Every structure is written in C-alpha cells, then in structure tokens.
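Numbering-wise (this note's numbering), the sequence shown opens with residue 1170 and increments by one. Built from N, CA and C at the ideal position, the CB exists for glycine as well. Source: prediction; values computed, not measured. Below is one structure; the comments refer to it alone.
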Amino acid sequence: MDKRGRVLIPVGERERLGLKAGAEFELMEEKGVLLLKPIIPTPVKVRSKKEDWGKEAFLNAGEATFGE
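Structural data, given as structure tokens:
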C-alpha cells in the first residue's frame, strides 16, 4: 500500500477478473482479513416499441453504418 492508501492489483489478476481502470470495490473485513469485492453495475433494460421510433429513425442508417 502506498502513502495515499492505494493498493496495486497485479495485471494478471486484473485481466483474469476482467477489471478495468476505474473499477469500484466494496471493502469488507472478516476475522482480520480485508476483502475487496468488485461492484458490478446492474444492467439497465431499455425498451421501446417500433411505432415510437418515428419515420426518421433510420433515414441515414446507411450513412451511419456504411459511410455512404
């Protein structure tokens, strides 16, 4: 641990666990042992009826996806 209280997680462990820069953790203590548990964001479901999109929703889709 450095002077500012930061702890380094070795790159191999970060890769194995899929941790990215900025990941957040919950810090817990059990019987004198500190545990870091990654906080995994809850996915947000977004739904919309196709009728709600409007006629202009995909007018320029070719340009956006194919550069035409």
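Quiz item: What three-state label does DSSP hand Arg-1215 in the structure shown?
Solution: Correcting the residue identity first, residue 1215 is Val in this sequence and not Arg. Looking at Val-1215 - three-state DSSP - the assignment turns out to be coil, as it is neither helix nor strand.
Exercise. Determine, using beta carbons only, whether Leu-1188 and Glu-1195 come nearer to each other than 9 Å.
Key: no
Quiz item: For Glu-1199, which beta-bridge partners are listed by DSSP?
Solution: Val-1202
Quiz item: Using a Cβ-Cβ cut-off of 7 Å (strictly less than) and excluding sequence neighbours within five positions of Lys-1206, which residues of its own chain qualify?
Solution: Phe-1194, Glu-1195, Met-1197
Quiz prompt | Euclidean distance between Cα positions of Gly-1201 and Ser-1217 | solution = 49 Å
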